[in-house]
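A quick write-up on the structure given underneath.
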Amino acid sequence: MRPIFLKGIAISEKIVIASDHGAFDLKQKLIERLKKLGFDTLDMGVHDAKSVDYPDYAKKVARAISRGEFRRGILLCGTGIGMSITANKFPKVRATLAYDTYTARMSRLHNDSNILVMGGRTTGDEVAYEILETWLHTPYEGGRHDKRINKISELDGLIVHDPADEGN
Ligand code: RB5
Numbered sequence: 003m004r005p006i007f008l009k010g011i012a013i014s015e016k017i018v019i020a021s022d023h024g025a026f027d028l029k030q031k032l033i034e035r036l037k038k039l040g041f042d043t044l045d046m047g048v049h050d051a052k053s054v055d056y057p058d059y060a061k062k063v064a065r066a067i068s069r070g071e072f073r074r075g076i077l078l079c080g081t082g083i084g085m086s087i088t089a090n091k092f093p094k095v096r097a098t099l100a101y102d103t104y105t106a107r108m109s110r111l112h113n114d115s116n117i118l119v120m121g122g123r124t125t126g127d128e129v130a131y132e133i134l135e136t137w138l139h140t141p142y143e144g145g146r147h148d149k150r151i152n153k154i155s156e157l158d159g160l161i162v163h164d165p166a167d168e169g170n
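Here the sequence shown is numbered in this note's numbering, starting from 3 and rising by one per residue.
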């Protein structure tokens with residue numbers, strides 16, 4: 003897949019993805035699904051179903067998006083809640099938990115979502131595939147939503163300590 007350029011910087015079109023143990027199976031299935039849809043992925047773990055702490059994996063994906071290394075990411079845990087809470091600490095991240103195609107669609111149209119979050123214990127495989135495709139194929143609407151997104155971005159400036167600068 004060809005890289006895209008934003009302000010002269012190459013951004014990988016690969017989709018970066020991670021889960022905790024609560025959604026390991028779903029992650030593997032979504033990676034397969036993405037491949038079938040023609041998307042490359044970078045899998046940041048977990049690589050088995052052993053118990054881990056979801057913030058460690060949310061950080062990996064959210065930091066990559068925050069730094070502009072990737073344009074889109076996917077995070078999965080049992081409910082999707084912990085991943086959302088953690089990922090949204092990072093500047094420029096708009097991680098959105100979707101339980102259905104309506105919320106997935108609106109998260110792109112109105113919120114310019116850059117990380118899709120789902121729950122492996124709350125969302126069945128077929129619904130997850132529909133949510134994924136909806137999220138991937140729905141553009142951001144722009145217009146009146148730009149000013150709202152800008153207001154979110156202004157809050158990034160209030161963060162004194164930038165977690166995106168931490169090593170891991
Ligand atoms: C792990 O048991 C579970 O707490 C986690 O996957 C997630 O649901 C947290 O929000």
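Where a beta carbon is used, it is the ideal one built from N, C-alpha and C, also for glycine.
Ranking D22, A20 and K29 by CA distance to the CA of D127 puts K29 first.
Between G75 and V129, the C-beta gap is not smaller than 7 Å, which leaves the two residues out of contact. Excluding its 5 nearest sequence neighbours in each direction, T140 has C-beta neighbours in its own chain below 7 Å: R107, R110 and L111, listed in chain order. If only uninterrupted alpha helix (DSSP H) runs of at least 4 residues are considered, those enclosed by the segment 38-94 are 56-68 and 83-89.
Shortest gap from the CB of G47 to any heavy atom of ligand 1: 6 Å or more.
T81 is a Cβ neighbour of G121, given a cutoff of 7 Å. Between the C-alpha atoms of K91 and D27 there is a straight-line separation of about 26 Å. Looking at the DSSP output, T98 sits in a beta bridge with L118.
Here the distance from the Cβ of I83 to the nearest heavy atom of ligand 1 is below 6 Å.
The alpha-carbon of G40 is positioned some 36 Å away from that of G159. Distance from the Cα of L44 is smallest, within the candidate group H147, L157, L78 and I33, for I33. At least one heavy atom of ligand 1 is found less than 6 Å from the C-beta of G24.
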